[in-house]
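J.: Just passing along the structure, written as structure tokens.
Numbering (full-length UniProt numbering), first residue to last: 1 to 505.
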């Protein structure tokens, strides 16, 4: 089958994830690896949002209008939506580690060049290169998490892999404002990104292991396995298993080698037309766009209504960061708990039937969509209600703490909904998680760009109440019904698919 159909069955019937990671990495090592991947992924949204306080200074130094500087932001977001499709397919065929090293090498070069650039055309081109280099790390972080964790703990870890993607829009402007006020001015922003990116690259080269299925048995992870051999007994392989592994190694180009294959972005975009993937991606894009609609309106509205300074406006984003952080921790645990609850119900159903021969069939029909969306659906509805209340409240000019509380609730619910749908996408595409998350990033960035560009004119033409009522209506009127359809029909649609050739044994 062309493209990347969803896997026929979730990994419920497997006692281990589709990797050697259980025997290769200890729980502490897994946490460190996922934390490193999350840190790396934060550079993509951080590089976008840290740039905003420098817009006026850049316009003055390059003798152009702020509108022309905003074009560099648009260029960044376009590349941010497209480049992960290349990075993801490259990492799914060649490994996570080579993809990370390539991303950060391009990123560091572009930041050094940006700090030294003198002309507007070079600024425009280098911002595109900067985005192209770093944007793929968001998909890579989800892929690393999928490589290492089991389905019943996926909610917790996937929440933390996307935490940087949520926190950066809140914390980036604060950091950018502080750097712009330093003696380096706006160039200090790019020197900071180049230096911090260089430190991360050193860590990737010197420490970060390969986690991808096809590369997990190569020399990159042999040193990790040696640390666990004393406590984890090795499984005895049959002659047949050894022959199969030898054939797989030969297909990969020999033991210890990783094939560097050219990426095909069409593999990612084809997912938009699969069921239920397309509906999940659309819902995820709308939810994330609603968050950008709120954050994009904060600077102008809080300055107009409360007379806040630029630094004080930056502090308004703190509740959003707190909401995201708490949601990633709390909701991830709830998602994992609900998965285990549904899994135990399915196992009990099999036990009550007393037919061992039918276990695999019933497990293949495990309702993974329901296990995830029983949490994600209510969070999406809460997001819609919080946005509606936020718009109505701003127009009556209440005490400052009231809209701040609503910003916290919006951030909490958006993060929860977004993370649940990310987890579900990885559930459905556990063989190619980076490609799935790249497609998700493509939809998210385009919808976020459209939302950011349209919210200010809507507020000016109408008011906050009407503008955010429209945003709330789109979330509640589109996302909730679509997720309900996935909830009811996802397992049926999945049963129509044939297993992917790359499905792990």
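In this text, a Cβ means the ideal position worked out from N, Cα and C, and glycines have one as well.
Thinking C-alpha only, which one of 473, 40, 488 is nearest residue 530?
T.: Missing from the structure shown is residue 530; the chain here goes from 1 to 505 and no further.
J.: Under three-state DSSP, which class holds residue 398?
T.: As a first step, residue 398 is located in the chain shown; it is residue number 398 there, counting from the start. The answer is coil: DSSP assigns residue 398 none of H, G, I, E or B.
J.: Can you grab the Cα-Cα spacing for the pair residue 143 / residue 306, in whole Å?
T.: By one-based count along the chain shown, residue 143 stands at place 143. By one-based count along the chain shown, residue 306 stands at place 306. Roughly 43 Å separates the two Cα atoms.
J.: Between 101, 43, 272, 172, which lies nearest to residue 425 when the distance is taken from Cα to Cα?
T.: What you label residue 425 is simply residue 425 of the chain shown in a count that begins at 1. Residue 425 has its Cα closest to that of 272, out of 101, 43, 272, 172.
J.: Can you tell me where the alpha helix (DSSP H) with residue 144 in it begins and where it stops?
T.: For the purposes of this step, residue 144 is taken as the residue at position 144 of the chain shown. Residues 137-148.
J.: Put residue 235 into one of helix, strand or coil per three-state DSSP.
T.: As a working note, residue 235 is residue 235 in the chain shown. Here the model assigns residue 235 a pLDDT of 44, short of 50, so the residue's position is not dependable, and the following value carries that caveat. Three-state result, residue 235: coil.
J.: Exposed or buried, residue 457, counting other C-beta atoms within 10 Å across all chains shown (16 or more means buried)?
T.: One-based indexing of the chain shown puts residue 457 at position 457. With fewer than 16 Cβ atoms within 10 Å of its Cβ, residue 457 is classed as exposed.
J.: How far does the alpha helix (DSSP H) with residue 189 in it extend, from its first residue to its last?
T.: As a working note, residue 189 is residue 189 in the chain shown. Note, residue 189: alpha helix (DSSP H), 187-206.
J.: Let's test the definition: count the other Cβ atoms within 10 Å of the Cβ of residue 344 and tell me whether it reaches 16, buried, or not, exposed.
T.: Position 344 of the chain shown, counted from the start, is the residue given in the question as residue 344. Residue 344 is exposed by the Cβ-count criterion.
J.: Which same chain residues end up closer than 6 Å to residue 490 when comparing Cβ atoms and leaving out the 5 residues on each side of it in sequence?
T.: Within the chain shown, residue 490 is the residue found at index 490, counting from 1. Answer for residue 490: 276, 369, listed in chain order.
J.: With a threshold of 7 Å on Cβ separation, who are the neighbours of residue 34 within its own chain once the five nearest residues in sequence on each side are excluded?
T.: Here residue 34 refers to the residue found at position 34 of the chain shown. 144, 145, 148, 157, 160, 161.
J.: Note the first and the last residue of the continuous alpha helix (DSSP H) segment covering residue 302.
T.: Start at 1 with the first residue of the chain shown, and residue 302 comes out as number 302. Run containing residue 302: 277-306, per the alpha helix (DSSP H) assignment.
J.: Go to residue 481, then tell me how far its alpha helix (DSSP H) extends in each direction, as first and last residue.
T.: Locating residue 481 in the chain shown gives position 481, where the first residue counts as 1. That run of the alpha helix (DSSP H) goes 480-495.
J.: Helix, strand or coil, according to DSSP, for residue 432 in the structure here?
T.: Taking the chain shown and counting its residues from 1, the one referred to as residue 432 is at position 432. Three-state DSSP puts residue 432 in coil, outside helix and strand.
J.: Just checking my contact of residue 283 with residue 445 at CB under 8 Å: how many whole Å lie between their CB atoms?
T.: To locate residue 283, count along the chain shown from 1; it is residue 283. To locate residue 445, count along the chain shown from 1; it is residue 445. Wrong, their Cβ atoms sit about 16 Å apart, outside the cutoff.
J.: How about residue 390 and residue 468: do their beta carbons lie closer than 7 Å?
T.: Position 390 of the chain shown, counted from the first residue, corresponds to residue 390. Position 468 of the chain shown, counted from the first residue, corresponds to residue 468. Result yes, Cβ atoms of residue 390 and residue 468 sit closer than 7 Å.
J.: At 4 residues or longer, and completely inside the stretch 24-51: list those alpha helix (DSSP H) runs for me, N to C.
T.: Taking only runs of at least 4 residues, the alpha helix (DSSP H) segments lying wholly in the stretch 24-51 are 27-41, 43-49.
J.: In or out: residue 66 buried (at least 16 other Cβ within 10 Å) or exposed?
T.: The residue given as residue 66 occupies position 66 in the chain shown. With fewer than 16 other Cβ atoms within 10 Å, it is exposed.
J.: Alpha carbon to alpha carbon, what distance is there between residue 84 and residue 132?
T.: On the chain shown, residue 132 is found 132 positions in, with the first residue counted as 1. On the chain shown, residue 84 is found 84 positions in, with the first residue counted as 1. Looking at the two C-alpha atoms, the distance is approximately 8 Å.
J.: How long is the line joining the alpha carbons of residue 588 and residue 427, rounded to whole angstroms?
T.: This structure cannot speak to residue 588, because the chain is shown only from 1 to 505.
J.: Are the stretch 332-347 and the stretch 458-467 in contact at 8 Å, needing three or more beta carbon pairs?
T.: Touching, no, given that fewer than three Cβ pairs across the two stretches are closer than 8 Å.
J.: Cβ atoms of residue 382 and residue 413: under 7 Å apart, would you say?
T.: Position 413 of the chain shown, counted from the first residue, corresponds to residue 413. Position 382 of the chain shown, counted from the first residue, corresponds to residue 382. Closer than 7 Å, so yes.
J.: Give me the residue from 311, 128, 423 with the minimum Cα distance to residue 70.
T.: Taking the first residue of the chain shown as 1, we reach residue 70 at position 70. For residue 70, the nearest C-alpha among the options comes from 128.
J.: Does DSSP put residue 110 in a helix, a strand or coil?
T.: Counting from 1 along the chain shown, the entry for residue 110 is found at position 110. The answer is helix: DSSP assigns residue 110 an H, G or I state.
J.: Tell me the residue span of the alpha helix (DSSP H) that contains residue 127.
T.: Position 127 of the chain shown, counting from 1, holds the residue named residue 127. Element bounds for residue 127: 120-134.
J.: On a Cα-Cα basis, can you pick out the residue from 449, 367, 485 that is closest to residue 495?
T.: Here residue 495 corresponds to residue number 495 of the chain shown, with the count starting at 1. Closest by alpha carbon: 367.
J.: If you drop the 5 nearest sequence neighbours on each side, which residues of the same chain put their C-beta closer than 6 Å to that of residue 493?
T.: In the chain shown, the residue the question calls residue 493 occupies position 493. Excluding sequence neighbours, residue 493 sits near 275, 276.
J.: Run through DSSP, which three-state label would residue 441 get?
T.: As a first step, residue 441 must be located in the chain shown, where it is residue number 441. It is helical.
J.: Note down the Cα distance separating residue 77 from residue 48, rounded to an integer number of angstroms.
T.: Here the question's residue 77 lines up with position 77 in the chain shown. Here the question's residue 48 lines up with position 48 in the chain shown. The straight-line gap from Cα to Cα measures roughly 8 Å.
J.: Please go through the same chain and pick out, in chain order, the residues whose beta-carbon is closer than 8 Å to the beta-carbon of residue 295, but skip the five residues on each side of it.
T.: In the chain shown, counting from the first residue as 1, residue 295 sits at position 295. Excluding residues within five positions, the ones whose Cβ falls inside 8 Å are 169, 170, 317, 320.
J.: I'd like to check one pair, residue 280 with residue 437: are the Cβ atoms closer than 7 Å?
T.: Reading the chain shown from its first residue, position 437 is the one you call residue 437. Reading the chain shown from its first residue, position 280 is the one you call residue 280. Cβ distance not < 7 Å, so residue 437 and residue 280 don't count as in contact.
J.: Suppose you measure from the CA of residue 372 to the CA of residue 87; what does that come to, to the nearest Å?
T.: One-based indexing of the chain shown puts residue 372 at position 372. One-based indexing of the chain shown puts residue 87 at position 87. Straight-line Cα distance between these residues: approximately 27 Å.
J.: Please report the Cβ distance between residue 180 and residue 53, rounded to the nearest whole angstrom; I am assuming they are in contact, meaning their Cβ atoms lie under 8 Å.
T.: Here the question's residue 180 lines up with position 180 in the chain shown. Here the question's residue 53 lines up with position 53 in the chain shown. Contact holds; Cβ gap of about 5 Å.
J.: Could you have a look at residue 476 and say whether DSSP puts it in helix, strand or coil?
T.: In the chain shown, counting from the first residue as 1, residue 476 sits at position 476. Note: residue 476 maps to helix in three-state DSSP.
J.: Would you mind reading off the limits of the alpha helix (DSSP H) that contains residue 55?
T.: As a position in the chain shown, residue 55 is number 55, starting the count at 1. Here the alpha helix (DSSP H) through residue 55 covers 55-61.
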